[in-house]
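K.L.:
With this note's numbering, letter number 9 in the sequence shown gets 21, and the count goes up by one each step, no holes. Ideal Cβ positions, reconstructed from N, Cα and C, are used throughout, including at glycine. Quick caveat: nothing in here was measured; it's all calculated off a predicted structure. This is the structure I want to talk about, given as structure tokens.
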Amino acid sequence: MPLVRVLNLGNESFEGIENQSIMEILYRHGYELDSACGGHGQCSSCKVMVLEGMENLYPPEFEEEEAIEEFGLAPNERLSCQAKLNGKGDVVIYLI
Ligand code: FES
Numbered sequence: 013m014p015l016v017r018v019l020n021l022g023n024e025s026f027e028g029i030e031n032q033s034i035m036e037i038l039y040r041h042g043y044e045l046d047s048a049c050g051g052h053g054q055c056s057s058c059k060v061m062v063l064e065g066m067e068n069l070y071p072p073e074f075e076e077e078e079a080i081e082e083f084g085l086a087p088n089e090r091l092s093c094q095a096k097l098n099g100k101g102d103v104v105i106y107l108i
């Protein structure tokens, strides 16, 4: 199973499955991230920095692309509620 490792949560790793969002994976393990829009990809309160494994996430879909542009996310930042594992490997993130 692919892992999401969170550098600033004690380097803890959380197992996920393909098509699960980073937010969902952390939530299932007891960590609730900020989600001003309720996880609908319409704010940026849930953004995370992807340090490794960007290629192991599906590319942003339309809604996330819109938010990335509107809120000026950096190329290595994703919305955790929208960024989903593609099942091909692990991801290392930093909570902003
Ligand atoms: S919670 Fe609003 S974009 Fe993710």
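Inspect the beta-carbon positions of Leu97 and Asn31 and report whether they are closer than 8 Å.
P.N.:
Within the sequence shown, the letter at position 85 stands for residue 97. Within the sequence shown, the letter at position 19 stands for residue 31. A contact, by the Cβ cut-off of 8 Å.
K.L.:
By the three-class DSSP mapping on this structure, what secondary structure does Met13 have?
P.N.:
Locating residue 13 in the sequence shown gives position 1, where the first residue counts as 1. Coil, per DSSP.
K.L.:
Tell me whether Ser100 is buried or exposed, calling it buried when 16 or more other Cβ atoms sit within 10 Å of its Cβ.
P.N.:
Counting from 1 along the sequence shown, the entry for residue 100 is found at position 88. Per the sequence shown, residue 100 should be read as Lys rather than Ser. Lys100 comes out exposed.
K.L.:
Confirm, please, whether the CB-CB distance from Leu45 to Met35 is below 8 Å.
P.N.:
As a first step, residue 35 must be located in the sequence shown, where it is residue number 23. As a first step, residue 45 must be located in the sequence shown, where it is residue number 33. In this structure, Leu45 lies closer than 8 Å to Met35 by Cβ.
K.L.:
So the alpha helix (DSSP H) Tyr39 belongs to, where does it begin and stop?
P.N.:
Counted from its first residue, the sequence shown places residue 39 at position 27. Here the alpha helix (DSSP H) through Tyr39 covers Ile34 to Arg40.
K.L.:
Should Gly53 and Gln94 be called a contact, given that it needs their Cβ atoms to be closer than 8 Å?
P.N.:
Stepping through the sequence shown from its first residue, residue 53 is reached at position 41. Stepping through the sequence shown from its first residue, residue 94 is reached at position 82. Yes.
K.L.:
Pick out every residue whose C-beta is nearer than 5 Å to a heavy atom of ligand 1: which are they, in chain order?
P.N.:
Working through the chain, the matches are Ser47, Cys49, Gly51, Gly53, Cys55, Cys58, Leu91 and Cys93.
K.L.:
What residue range is occupied by the uninterrupted beta strand (DSSP E) comprising Ile105?
P.N.:
Here residue 105 refers to the residue found at position 93 of the sequence shown. It spans Val103 to Leu107 - the beta strand (DSSP E) in which Ile105 sits, taken as one unbroken run.
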